[in-house]
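As they're listed, the protein sequences go chains E and W.
Letter by letter, the first sequence follows residues 4 to 393 in my numbering.
Letter by letter, the second sequence follows residues 443 to 806 in my numbering.
Here's the structure, in structure tokens; my notes come after.
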Amino acid sequence: MSKKQRVGVASVGMMPFNRVLEDTAEEMAYKVAKDALDKAGLRRDDIDAWVVGSAVDAFSGVNESDKFLVAGSGGNGKPWFRNATSGSTAVSTPDLAYSMVASGQVDVVMCICYEKMSDNENSQKVFNYVYDPAWVRPVGLNVPLQCGIEARAYLHRYGIEEEEMAMLSVQSLGNALDNPYAQRGKEITVEDVLESPYISWPVKVLDTSPVSDGARAAIFISEDKLKEIDDDPVYVKGIGRGADSYWFMGRRNNDLGRLDYAYLGADQAYEMAGIKNPSTEVHVAEVYDPFTYKAMQHMEAAGLCPEGGAGKHIREGHGARDGKLPITPSGGLLGEGNPIGAGMSRMTWTWLQVKGQAGDCQVERDVDTAISTGWGGMYQYNATMVIGRD
Amino acid sequence: MSTVKVAGIGWAQPGEDEQLSHAELLYRATRQALGDAGLKRDAITSAVTTSYDYVEGRNLSNQFTLDSIGGTMKSCDLRLSDDGIHSIAAGSMEALSEPGGVVVVGAVQMAGTELVDATNRAVEEVLFEPLYQRPILAGAAHPEALVFGLAARAYLARHGVDEEKLAELVAARSAGGAEARTAEEILDSPVIAGPLREGHRARRTDAAATLILTTEAPNGARATIRGTGWAAEDGQFANRDLSEQRPTALAAEQAFAAAGVSDPSAELARVEAYNAYAIDEAMTAEALGLAAPGEGFDALLGGAQVNPTGGVQATGWARGAASLVQAVRAIEEMVDQPGALLASQGWSGPGASSSAVAVFEIDG
Chain E
4 MSKKQRVGVA SVGMMPFNRV LEDTAEEMAY KVAKDALDKA GLRRDDIDAW VVGSAVDAFS
64 GVNESDKFLV AGSGGNGKPW FRNATSGSTA VSTPDLAYSM VASGQVDVVM CICYEKMSDN
124 ENSQKVFNYV YDPAWVRPVG LNVPLQCGIE ARAYLHRYGI EEEEMAMLSV QSLGNALDNP
184 YAQRGKEITV EDVLESPYIS WPVKVLDTSP VSDGARAAIF ISEDKLKEID DDPVYVKGIG
244 RGADSYWFMG RRNNDLGRLD YAYLGADQAY EMAGIKNPST EVHVAEVYDP FTYKAMQHME
304 AAGLCPEGGA GKHIREGHGA RDGKLPITPS GGLLGEGNPI GAGMSRMTWT WLQVKGQAGD
364 CQVERDVDTA ISTGWGGMYQ YNATMVIGRD
Chain W
443 MSTVKVAGIG WAQPGEDEQL SHAELLYRAT RQALGDAGLK RDAITSAVTT SYDYVEGRNL
503 SNQFTLDSIG GTMKSCDLRL SDDGIHSIAA GSMEALSEPG GVVVVGAVQM AGTELVDATN
563 RAVEEVLFEP LYQRPILAGA AHPEALVFGL AARAYLARHG VDEEKLAELV AARSAGGAEA
623 RTAEEILDSP VIAGPLREGH RARRTDAAAT LILTTEAPNG ARATIRGTGW AAEDGQFANR
683 DLSEQRPTAL AAEQAFAAAG VSDPSAELAR VEAYNAYAID EAMTAEALGL AAPGEGFDAL
743 LGGAQVNPTG GVQATGWARG AASLVQAVRA IEEMVDQPGA LLASQGWSGP GASSSAVAVF
803 EIDG
């Protein structure tokens with residue numbers, strides 16, 4: 004029926020993120036799809052299938068909202084899927100695109116991840132409807148409140164100070180100053196972060212990524228096709244996805260401070276990529292960072308630093324663009340903006356880094372291997388993608 | 443070269459007066475499927491489920507599926523906002539990309555609860571984008587039916603088919619099921635979107651279905667997936683020719699090419715087609731190449747190849763899960779037909795703007 008084949012990434016499509024964009028979701032999808040096609044030297048007819056990702060329909064107020072992106076994305080009359088796993092859409096959708104090509108069923112897939120959050124006046128109200136209607140929703144839980152619970156568990160478990168969270172924010176917002184697509188590039192100090200208002204202790208406003216509109220695209224392609232158009236091919240080396248129970252009060256390790264499911268996803272990806280020591284074999288990482296402490300948890304789960312050592316990694320400058328293992332040199336969600344489903348931006352920036360096309364965000368060291376992560380669901384999904392050249 | 447096997451199947455509906463949650467219903471279907479495959483939870487490596495947030499009344503509506511299908515601490519997160527048959531296509535590719543893995547494909551829908559009746563209109567309305575389409579549908583009591591009503595009108599006018607055929611087909615399809623109704627009863631029922639009447643629309647119900655897909659099935663398999671296809675058109679229904687189901691035709695073209703089916707009428711032993719509004723079944727029959735354009739109703743009324751047990755008109759319509767239930771039940775019923783080919787189709791999107799087709803070969 005089909006054969007397994009190696010998968011590469013032909014190009015990525017970018018556009019600026021912002022709090023409120025005039026573009027409709029369809030127009031955003033058009034922009035990034037066209038950008039990716041142009042960069043790869045491909046045409047719409049070269050694409051075999053489309054897979055799109057967005058977090059939840061309620062942001063747009065349209066059920067099956069992806070169906071209105073079909074024409075703008077160039078997918079009219081073509082194979083079309085929509086994946087939606089909240090924030091982890093950032094990597095689970097590219098993972099699906101990878102599987103489509105790896106299976107041999109198709110050779111070229113346009114992967115588009117998007118979110119237009121400004122269509123909705125109250126994103127936290129939307130998030131309240133993520134929770135179980137019988138037990139949790141009535142409590143009024145939302146993302147900041149749950150993040151506060153999780154952040155407290157993380158800081159307590161590893162004896163981490165809020166100052167270390169703040170340092171990560173300073174780095175990311177500073178990095179975003181060089182990112183032409185970012186909405187919140189800013190020079191700030193640790194004191195600025197520590198003095199910003201709490202939204203849910205210990206998480207403060209400047210520990211939090213801004214609500215945003217935006218989209219990203221990436222073209223996943225079979226090795227044979229990629230070699231026809233690119234003499235410096237970048238391949239998907241490893242993918243992994245971990246998932247834990249919906250019931251956050253009943254996680255396997257009974258500790259919200261350590262994300263076992265994120266470790267699982269990273270382990271799978273590294274095993275597939277043949278990476279034994281990620282802290283030395285990974286050259287740059289774009290970790291999913293909707294909150295500063297989440298970035299730290301994800302750095303540790305991905306083995307980029309010792310468990311509980313993310314703050315030290317940033318404090319000692321190892322995560323800077325000229326550091327030994329740069330972390331989100333694009334500015335991440337914290338600096339670039341966080342249109343939830345478009346978190347695939349992390350993966351697109353790893354491609355730009357490997358290709359040496361990251362502009363002023365390019366890290367100093369040579370980059371052959373890069374990882375991106377995604378996180379979502381009911382704080383239950385995590386995914387890791389390793390890309391690089393041979 | 444690998445093929446994907448259906449190692450196990452399961453489906454479930456609540457018993458009479460039984461109060462079950464989504465999670466419990468999907469758990470039942472999955473337990474059946476794992477048992478059928480002779481596998482334990484530990485064997486599961488991945489999952490693809492389908493669900494619609496607005497229909498479910500919660501965002502990220504697939505999250506609980508993880509616990510129900512035994513997917514905790516596994517790669518069981520993928521969720522499509524499409525019909526169940528789409529998940530067979532995605533699940534097959536997931537299995538092929540990681541040979542030896544065990545992929546759970548499942549869907550559940552609790553569409554028959556009393557709450558849904560109160561909110562159903564609003565849920566149907568938000569299926570349409572707000573700028574151009576929703577204002578047109580603002581006065582419609584049944585927004586989704588309105589598009590299928592337009593489709594029925596376009597089809598009947600284009601081909602000169604009498605609207606009584608719609609009632610005849612629904613009467614025939616529903617005859618063997620719990621939702622039986624005669625053509626007279628259908629034609630006496632209120633118009634919901636002319637020419638469609640309340641009786642033409644399948645009754646909503648609760649159901650769940652699960653298939654276990656794998657490239658290796660040492661305990662034997664129910665079926666082999668010979669081909670899958672899926673396609674979508676613009677969700678703006680004004681930009682589409684509603685008198686035909688082009689997404690289904692495109693999906694079938696892919697699936698049949700992969701399966702080596704060149705003469706669907708002769709080679710497919712059975713076809714399970716979505717028939718929530720009756721007109722969709724006739725159009726699907728034509729899109730699958732089982733009837734010439736305009737001859738769908740006559741072919742369906744004169745033959746037994748399509749929906750021999752009545753489809754969702756007989757069993758009830760659990761949106762999103764129904765096509766998987768139909769596929770699972772057909773595989774179950776065809777157990778004595780090794781080598782026979784089954785095609786299953788399902789649609790999603792406003793006015794069936796998206797469609798998927800899977801071709802199974804029943805294993806001996």
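We put the beta carbon where it would ideally sit given N, CA and C, even for glycine.
Check: If we ignore side chains and look at the alpha-carbon of each, how far apart do W/Trp672 and E/Ser95 end up?
Finding: When rounded, the distance between both Cα atoms is 20 Å.
Note to self: Counting beta carbon pairs with one atom in the region 570-587 of chain W and one in the region 688-698 of chain W, are three or more of them shorter than 8 Å?
What the structure shows: no
Item checked: chain W within 9 Å of E/Leu267, Cβ atoms only -> yes
Check: Going along the chain, which unbroken runs of the beta strand (DSSP E) with 3 or more residues stay wholly within the region 225-310 of chain E?
Finding: 237-246 and 287-289
Next item on the list: State the CB to CB distance for the pair W/Val547 and W/Ser529, rounded to an integer number of angstroms; the pair is presumed to be in contact (CB under 8 Å).
Entry: 5 Å
Check: For E/Trp53, does the three-state DSSP call read helix, strand or coil?
Finding: strand
Item checked: Per DSSP, cross-strand counterpart(s) of E/Asn86 -> E/Gly56 and W/Leu522
Item checked: For W/Phe698 and W/Gly669, believed in contact at Cβ under 8 Å, the rounded distance -> 6 Å
Item checked: Pick from E/Asn341, E/Pro329 and E/Phe251 that is closest to E/Phe294, judged by C-alpha positions -> E/Asn341
Notebook entry, point to check: Per DSSP, E/Trp204 forms a beta bridge with which residues?
Noted result: Looking at the DSSP output, E/Trp204 sits in no beta bridge, so it has no partner there.
Check: Is W/Ala649 near W/Val544, with beta carbons less than 9 Å apart?
Finding: no
Next item on the list: Going by CA-CA distance only, name the one from E/Gly320, E/Glu164, E/Ala28 and E/Cys308 that's closest to E/Val285.
Entry: Ranked by Cα distance from E/Val285, the options E/Gly320, E/Glu164, E/Ala28 and E/Cys308 are led by E/Cys308.
Note to self: Alpha carbons only, please: which of E/Phe251, E/Met113 and E/Ile163 is nearest the one belonging to E/Glu310?
What the structure shows: E/Ile163
Notebook entry, point to check: Counting contacts by CB-CB distance shorter than 9 Å, is W/Leu730 in contact with chain E?
Noted result: no
Next item on the list: List the DSSP bridge partners of E/Pro222.
Entry: Checking the displayed sequence, the identity of residue 222 of chain E turns out to be Ile instead of Pro. Residue pairing by DSSP places E/Ile222 opposite E/Ser14 and E/Met113 in a beta bridge.
Margin query: Which residue wins for smallest C-alpha separation from E/Gln174, given the options E/Asp325, E/Asn66, E/Gly377 and E/Met347?
Written below: E/Asp325
Check: Of all the residues that make up the region 655-674 of chain W, which are near chain E by a beta-carbon distance shorter than 8 Å?
Finding: Ile667, Arg668, Gly669, Thr670, Gly671, Trp672, Ala673 and Ala674
Check: Name the chain E residues whose beta carbon is nearer than 8 Å to that of W/His528?
Finding: Going along chain E in sequence order, the residues near W/His528 (Cβ under 8 Å) are Phe84.
Notebook entry, point to check: Any beta-carbon of chain W closer than 9 Å to the one on E/Tyr132?
Noted result: yes
Check: Does the beta carbon of W/Gly781 sit closer than 9 Å to a beta carbon anywhere in chain E?
Finding: no
Notebook entry, point to check: Closest Cβ-Cβ distance between W/Met535 and chain E: below 9 Å?
Noted result: yes
Next item on the list: Give the DSSP-derived three-state secondary structure of E/Gly362 in the structure shown.
Entry: helix
Margin query: Between W/Tyr469 and W/Arg761, how many whole angstroms is the CB-CB distance? I'm expecting something under 8 Å.
Written below: In fact, because the Cβ distance is near 20 Å, the residues do not count as touching under 8 Å.
Notebook entry, point to check: Between which two residues does the alpha helix (DSSP H) carrying E/Met103 extend?
Noted result: Thr92 to Ala105
Next item on the list: Would you be able to state if there are at least three C-beta pairs under 8 Å between the region 234-244 of chain E and the region 266-278 of chain E?
Entry: yes
Check: Which bits of chain W does E/Tyr384 rub up against, with CB to CB less than 8 Å?
Finding: Asp519
Margin query: For the alpha helix (DSSP H) containing W/Gly457, name the first residue and the last one.
Written below: Note, W/Gly457: premise wrong, no alpha helix (DSSP H); not H, not E.
Check: Less than 9 Å separating the beta-carbons of E/Met120 and E/Val35?
Finding: No; because the gap between Cβ atoms is not below 9 Å, this pair is not in contact.
Notebook entry, point to check: Any idea which residues DSSP pairs W/Glu540 with across the strands?
Noted result: Answer is none; W/Glu540 lacks a bridge partner.
Next item on the list: Could you round the C-beta distance between W/Val501 and E/Ala61 to whole angstroms and report it? I think they count as a contact, below 8 Å.
Entry: It is worth fixing the name first, because residue 501 of chain W is Asn in this sequence and not Val. About 5 Å separates the two Cβ atoms, so the contact holds.
Checklist line | Residue range of the alpha helix (DSSP H) that includes W/Ser616 | finding: Glu606 to Ser616
Checklist line | Residue environment, W/Ser704, which counts as buried when at least 16 other CB atoms sit within 10 Å | finding: exposed
Notebook entry, point to check: Which residues mark the beginning and the end of the alpha helix (DSSP H) in which E/Arg160 is found?
Noted result: Val146 to Tyr161
Checklist line | W/Leu629 versus W/Glu714, W/Ala609, W/Ala701 and W/Arg646, residue with shortest Cα-Cα distance | finding: When W/Glu714, W/Ala609, W/Ala701 and W/Arg646 are compared, the shortest CA-CA separation from W/Leu629 is found for W/Ala609.
Next item on the list: Helix, strand or coil for W/Val713, going by three-state DSSP, please let me know.
Entry: strand
Next item on the list: Output, in sequence order along the chain, the residues in the region 68-98 of chain E whose CB is closer than 7 Å to any CB in chain W.
Entry: Those would be Asp69, Lys70, Phe71, Val73, Ala74, Gly78, Asn79, Gly80, Lys81, Pro82, Trp83, Phe84, Arg85, Asn86, Ala87, Thr88, Ser89, Ser91 and Ser95, in chain order.
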